[in-house]
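J.:
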Amino acid sequence: MTTVSEVCGIAGFVAARSAAPPEASRLRSAIEALAHRGPNDSGLFESDAVALGSTRLSIIDLEGGAQPMTSEDGSVVVVYNGEIWNYRALRAELADCGHRLETNSDTEVLVHGYEEWGSDLVDHLDGMFAFAVWDSRRERLLLARDRLGKKPVYVRLTERGLAFGSDARSVFLVTGDRPEIAKENVAEYLFQRYLVSPSTLFAGVERLPPAHLAVYDRVELRTSRYWQIDAPEEPAELDPSDLRGLLQAATARRLMSDVPIGVLLSGGVDSTAVLALAHEAGAGPLATFTVGFDDAVYDERPRARLAASHFSTEHHELVVDMQDFLRTWPRLAWYRDDPIAEASEIPLLLLSEFAGRHVRVALSGDGGDEVFGGYPKYRADALLRRGGLAAELAIHGALKLLSMRRTHRRLGRAADTLSIREPLARWVSWFRTMEPAALNRLLAPEALDGPVVERLASRLAEMLGPYGGVDAGRRMLLGDFFTYLPDNMLLRSDKVLMGGSLEGRMPLLDIEVVRRATAAPSGSRASILRPKRVLRQATESIVPSELRGGQKRGFPVPIEQFLVEDGREVVERLLLSERCLSRGIFRPDALRRAVLGGPQDRLGAPSLFVVSSLELWARANVDSASAHPPAAEDGFEPVLRSGTSNQ
Numbered sequence: 231m232t233t234v235s236e237v238c239g240i241a242g243f244v245a246a247r248s249a250a251p252p253e254a255s256r257l258r259s260a261i262e263a264l265a266h267r268g269p270n271d272s273g274l275f276e277s278d279a280v281a282l283g284s285t286r287l288s289i290i291d292l293e294g295g296a297q298p299m300t301s302e303d304g305s306v307v308v309v310y311n312g313e314i315w316n317y318r319a320l321r322a323e324l325a326d327c328g329h330r331l332e333t334n335s336d337t338e339v340l341v342h343g344y345e346e347w348g349s350d351l352v353d354h355l356d357g358m359f360a361f362a363v364w365d366s367r368r369e370r371l372l373l374a375r376d377r378l379g380k381k382p383v384y385v386r387l388t389e390r391g392l393a394f395g396s397d398a399r400s401v402f403l404v405t406g407d408r409p410e411i412a413k414e415n416v417a418e419y420l421f422q423r424y425l426v427s428p429s430t431l432f433a434g435v436e437r438l439p440p441a442h443l444a445v446y447d448r449v450e451l452r453t454s455r456y457w458q459i460d461a462p463e464e465p466a467e468l469d470p471s472d473l474r475g476l477l478q479a480a481t482a483r484r485l486m487s488d489v490p491i492g493v494l495l496s497g498g499v500d501s502t503a504v505l506a507l508a509h510e511a512g513a514g515p516l517a518t519f520t521v522g523f524d525d526a527v528y529d530e531r532p533r534a535r536l537a538a539s540h541f542s543t544e545h546h547e548l549v550v551d552m553q554d555f556l557r558t559w560p561r562l563a564w565y566r567d568d569p570i571a572e573a574s575e576i577p578l579l580l581l582s583e584f585a586g587r588h589v590r591v592a593l594s595g596d597g598g599d600e601v602f603g604g605y606p607k608y609r610a611d612a613l614l615r616r617g618g619l620a621a622e623l624a625i626h627g628a629l630k631l632l633s634m635r636r637t638h639r640r641l642g643r644a645a646d647t648l649s650i651r652e653p654l655a656r657w658v659s660w661f662r663t664m665e666p667a668a669l670n671r672l673l674a675p676e677a678l679d680g681p682v683v684e685r686l687a688s689r690l691a692e693m694l695g696p697y698g699g700v701d702a703g704r705r706m707l708l709g710d711f712f713t714y715l716p717d718n719m720l721l722r723s724d725k726v727l728m729g730g731s732l733e734g735r736m737p738l739l740d741i742e743v744v745r746r747a748t749a750a751p752s753g754s755r756a757s758i759l760r761p762k763r764v765l766r767q768a769t770e771s772i773v774p775s776e777l778r779g780g781q782k783r784g785f786p787v788p789i790e791q792f793l794v795e796d797g798r799e800v801v802e803r804l805l806l807s808e809r810c811l812s813r814g815i816f817r818p819d820a821l822r823r824a825v826l827g828g829p830q831d832r833l834g835a836p837s838l839f840v841v842s843s844l845e846l847w848a849r850a851n852v853d854s855a856s857a858h859p860p861a862a863e864d865g866f867e868p869v870l871r872s873g874t875s876n877q
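Numbering (my numbering), first residue to last: 231 to 877.
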C-alpha cells in the first residue's frame with residue numbers, strides 16, 4: 231500500500247467570540263513564508279471563525295494528501311506537519327470501528343482518529359508531529375506536539391483570538407502584529423544558547439512544550455501534558471540484543487519513502503550505527519553526505535569516507551570555508567527563527583541545502599548522546615558522585631589539560647563546573663556559554679531577570695519532581711530530555727534541515743528505544759570508560775571494528791579562526807552598530823569593551839558567536855517582516871548596511 235507523508239509547515243488563526251473574522255490575506259503571507267518547509271504544495275481553509283493553512287514537502291504518495299483535510303461532513307478540519315509511524319495499524323483499527331478512509335494519508339488517520347477518540351487521539355500516535363484540529367461543532371481548536379518535541383508549534387493569544395504556526399514568523403504574519411523582543415529571556419539564551427519551552431525570545435509568543443495539548447474554545451486557551459517518560463525507581467537492564475531489535479524496527483519504519491533517502495554522516499558512533507542499520511534493513515542504494523573543513527583538526531571527512539566505502543554508498547562531501555560561514559550566517563538567522571544555538575548549524579544548513587538537491591529525506595544519528603549517555607558531563611558527574619574531592623581534582627586537571635586542544639576549549643569551563651556543589655545548579659551549568667558574572671556586566675538592567683542559574687535550576691527541579699526516587703545519573707539524563715534535547719538539539723535539527731527543504735528522521739530517538747533506555751540503569755547504557763556502551767554492543771556485528779571507536783562530534787567548527795581572526799571586522803561592525811547598541815539589551819560601554827577590549831574584557835569565540843547571533847536574529851526576525859529568506863549570495867553586507875557603525 232502506498233502511503234502519504236505530510237512533512238510541511240502549518241499556520242492558522244481562530245477568532246475569539248465576537249471578534250472580527252480572520253484575514254485570509256495574512257494567512258496567505260504566513261504560508262508563503264513557510265514555503266521552504268513545503269515547496270511542493272499549499273492549501274487554505276477559511277470560515278467566519280477560523281483560517282487554516284499548510285505547505286507540503288512531498289515524501290510519499292506524491293499525488294495525494296492535500297491539506298487542509300476535512301471529514302466527510304466538513305465538521306473536522308486538520309492541518310498537520312510530521313509523520314505517524316503506526317498509521318497503518320490505526321487505519322485498520324478505525325476501519326473496524328466503521329470509518330471509511332478514502333486515501334492512504336496519515337492525515338486522514340488524524341481526521342478519523344479525532345472523530346473516534348477526540349483529544350485522546352494523541353495517546354494512539356507514534357510519530358513526530360505538530361497538528362491542529364478545528365472542531366466546528368464544538369467551536370474549538372486542538373493543537374498537539376509529539377512526545378519528544380521533534381516538530382515545533384508556536385502560539386500567540388490576544389483579545390482577537392489565537393494564532394499558531396510552525397515558526398514564530400508565521401504567527402506574526404497571521405496576526406499582523408509587530409514582533410518585540412522578550413528582553414527578560416535574553417540572559418537565559420546567552421547563558422545556555424537556547425530557551426526552555428514554553429519560553430521564546432518573542433514577547434507574547436510561546437512554544438508548545440513536547441507531549442502537550444492546547445485547546446482553544448474561542449474564549450480560553452488551556453494546555454496540558456498528555457505523556458510523561460516512565461522511569462521506574464527500580465531500573466531494568468537493557469540487553470544489547472534487545473536494543474538491536476528495537477533499533478532495527480525503528481530504522482525500518484523510517485525508511486518508508488517514495489523518494490531517495492540519504493544519511494547525514496559524520497563517521498562517529500551514532501551516524502555510523504544508523505547507516506549500518508539502514509544498510510542491514512535493505513534500504514538499497516543510499517546516499518551519504520558529510521561536511522568538512524580544510525583544517526584537519528576539525529575535518530570529519532576521513533572517517534566518514536571509511537564508513538561510506540564499507541557500506542558502498544553514493545558518497546558526497548561538502549567543504550566549508552570562512553566565506554561560506556559568514557555568507558550563510560545571516561540566512562540561517564532567518565530560517566532559524568529562534569536564535570542560533572550552535573556554530574555547527576551554519577555548515578549543517580549548507581549540508582542540508584546540498585543534500586536536498588539529491589534527496590528529500592535524511593537519516594541522522596541525532597539523539598545518541600542523550601539516549602545512551604554519550605556526553606562527557608555524564609561520566610564526569612558520575613565520577614564526582616562516586617569519588618568526592620579526590621575525583622573532582624582529578625577530573626578538573628584532566629579537563630583543563632584537554633581544553634588546551636583547539637577542538638576541546640569548552641572543557642575548560644566544564645572543569646570549573648565541578649566546583650558547583652548543588653547538583654541541579656551544576657547540571658544546568660555544564661553546557662553554559664557565558665558566566666553569570668559576565669552577563670551581569672554586559673546586559674542592560676531590563677534584560678536581567680534575576681540569577682539565571684537559580685531560575686533554571688528551579689525550573690528543572692519542577693520538571694524532575696515526579697522522579698524523586700530515580701538515581702542521580704538517570705535524573706540528569708531526564709533533565710536533558712526535558713530541556714536540551716527538545717529546545718536545542720531537536721529544534722535546530724527541524725529548523726536547519728527544513729531550511730534546505732530536507733526531512734530529518736532520527737531512529738535513535740524512536741519512542742520505544744527511549745522508553746527502554748530511560749528505564750535502564752546508567753551503567754547499562756554507558757560506563758565511565760566507555761560512553762554509549764550498549765549502542766556499541768548492539769551494533770558491533772554490523773559496524774566494522776575500525777569505525778567503532780569514533781566519537782560523535784556533531785560537525786565541529788573552527789570558530790576561533792572564523793570569528794576571532796578572519797571574521798573579526800564583520801563582527802565588530804555588527805555589534806558596534808548604532809542599531810545594536812540602542813536596542814536596550816546591552817550596556818553600550820560594556821559591549822564595546824567585550825568586543826574591542828583587552829584579554830580580560832574581550833569575549834571569547836563561543837560567547838562572541840551567541841552575542842552576534844542574537845543581533846542577527848533581531849535584524850532578521852524583529853526588525854524585518856520579510857516572508858522570504860535572504861538570497862544565498864547576499865551574505866553579510868546588506869545586514870551590515872542596515873546599522874550605522876558607532877565605534
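C-beta: ideal position from N, C-alpha, C; glycine also. The model shown is predicted, which means the values in this text are computed figures rather than measured ones.
1) Does the beta-carbon distance from PHE839 to MET552 come in below 9 Å?
2) Thinking C-beta only, is LEU804 closer than 9 Å to GLU845?
3) Could you check which residue in ILE411, MET719, ARG798, ALA393 has the C-alpha nearest to that of PHE555?
4) DSSP has GLU547 in a bridge; who is on the other side?
5) Do LEU351 and LEU340 count as a contact pair if the criterion is CB distance below 9 Å?
6) If I'm right that GLY492 touches HIS588 with Cβ under 8 Å, what's the distance once you round it to whole angstroms?
7) Exposed or buried, what is PRO868 when buried is set at 16 or more other beta-carbons lying within 10 Å of its beta-carbon?
8) Apart from the five residues just before and just after ALA820, which ones in its own chain have a Cβ nearer than 7 Å to its Cβ?
9) Are PHE661 and TYR714 touching if we call contact CB-CB under 9 Å?
10) Which residue wins for smallest C-alpha separation from VAL591, given the options ASP397, SER754, SER366, PRO490?
11) Decide if HIS858 is buried, meaning its Cβ has at least 16 other Cβ atoms within 10 Å, or exposed.
12) If we call anything under 9 Å between Cβ atoms a contact, is HIS545 one with ALA585?
13) What whole-angstrom Cβ distance do ALA677 and LYS413 have, given they're in contact under 8 Å?
14) What separation, rounded to the nearest whole angstrom, lies between the Cα atoms of ARG531 and SER301?
15) What is the DSSP secondary structure of GLU867, counted as helix, strand or coil?
16) Could you tell me the distance, in whole angstroms, from the CA atom of VAL787 to the CA atom of SER277?
17) Name, in chain order, the residues that DSSP records as bridge partners for ILE491.
18) Consult DSSP for THR663 and reduce its assignment to one of helix, strand or coil.
19) In terms of residues, what are the limits of the beta strand (DSSP E) holding GLU313?
20) Does the beta carbon of GLU467 sit closer than 9 Å to a beta carbon anywhere in chain C?
21) Can you check whether the CB of ASP336 is closer than 9 Å to the CB of GLU313?
22) For ALA824 and ILE789, which I take to be in contact (beta-carbon distance under 8 Å), what is that distance rounded to the nearest angstrom?
23) Go ahead and pull the three-state DSSP assignment for GLY242.
24) Tell me the rounded alpha-carbon separation between GLU377 and VAL601.
25) At what residues does the beta strand (DSSP E) containing TRP564 begin and finish?
26) Quick one: what's got a C-beta closer than 8 Å to GLU467's C-beta in the same chain, skipping five residues either side?
27) Does the region 597-615 come close enough to the region 386-399 to have 3 or more Cβ pairs within less than 8 Å?
28) Exposed or buried, what is PRO675 when buried is set at 16 or more other beta-carbons lying within 10 Å of its beta-carbon?
29) How far does the beta strand (DSSP E) with TRP364 in it reach, from first residue to last?
30) Does the separation of the CB atoms of ASN851 and GLN422 fall below 9 Å?
31) Let me check one thing: in DSSP terms, what residues is PHE541 bridge-paired to?
32) Which residue wins for smallest C-alpha separation from VAL726, given the options ASP568, ASP525, ASP796?
33) Which residue marks the beginning of the beta strand (DSSP E) containing LEU273, and which one marks its end?
34) With distance defined between alpha-carbon atoms, name the residue in ASP740, ALA362, VAL800 nearest to PHE866.
35) Cutting at 8 Å between CB atoms, please list the residues of its own chain near ALA250, excluding the five before and the five after it.
36) Hey, how far is the Cα of ASP596 from the Cα of MET736?
T.: To lay it out plainly:
1) In this structure, MET552 does not lie closer than 9 Å to PHE839 by Cβ.
2) Yes, the pair counts as a contact, with Cβ atoms nearer than the cut-off.
3) Of ILE411, MET719, ARG798, ALA393, the smallest CA-CA separation from PHE555 is found for ARG798.
4) Note: GLU547 sits in a beta bridge opposite THR520.
5) Their beta carbons are under 9 Å apart, which means LEU340 touches LEU351 by this criterion.
6) The Cβ separation is near 7 Å, so the contact holds.
7) Classification for PRO868: exposed.
8) Cβ neighbours of ALA820 within its own chain (closer than 7 Å, five residues either side excluded): ARG671, LEU672.
9) A contact, by the Cβ cut-off of 9 Å.
10) The residue with the shortest Cα to Cα distance from VAL591 is PRO490.
11) Exposed: under 16 other Cβ atoms inside 10 Å.
12) Cβ distance not < 9 Å, so HIS545 and ALA585 don't count as in contact.
13) Cβ-Cβ separation between ALA677 and LYS413: approximately 5 Å, consistent with a contact (criterion under 8 Å).
14) Spanning the two alpha carbons is a distance of roughly 50 Å.
15) It is helical.
16) Their Cα atoms are separated by approximately 49 Å.
17) In the DSSP output, where bridge partners are listed per residue, ILE491 has VAL591.
18) DSSP places THR663 in coil when its eight states are reduced to three.
19) 306-314 is the extent of the beta strand (DSSP E) around GLU313.
20) Absent from the structure: chain C. Only one protein chain is present.
21) Yes. Within cutoff.
22) A Cβ-Cβ separation of about 16 Å leaves ALA824 out of contact with ILE789 under the 8 Å criterion.
23) Three-state result, GLY242: strand.
24) Inspection of the sequence shows that residue 377 is occupied by Arg rather than by Glu. So the alpha carbons of these two residues sit roughly 15 Å apart.
25) Run containing TRP564: none in the beta strand (DSSP E); it sits in the alpha helix (DSSP H), 552-566.
26) Non-local beta-carbon contacts of GLU467 in its own chain, meaning distances under 8 Å to residues more than five positions away in sequence, involve ALA750, PRO751, SER754 in chain order.
27) Touching, no, given that fewer than three Cβ pairs across the two stretches are closer than 8 Å.
28) Flag for PRO675 reads exposed.
29) Counting along the chain, the beta strand (DSSP E) containing TRP364 begins and ends at 357-365.
30) Not closer than 9 Å, so no.
31) Per DSSP, PHE541 has no beta bridge partner at all.
32) For VAL726, the nearest C-alpha among the options comes from ASP568.
33) Correcting the residue type first, residue 273 is Gly in the shown sequence and not Leu. It spans 271-276 - the beta strand (DSSP E) in which GLY273 sits, taken as one unbroken run.
34) The candidate whose alpha carbon is nearest that of PHE866 is VAL800.
35) Same-chain partners within the cutoff: ARG390.
36) Approximately 6 Å between the Cα atoms of the pair.
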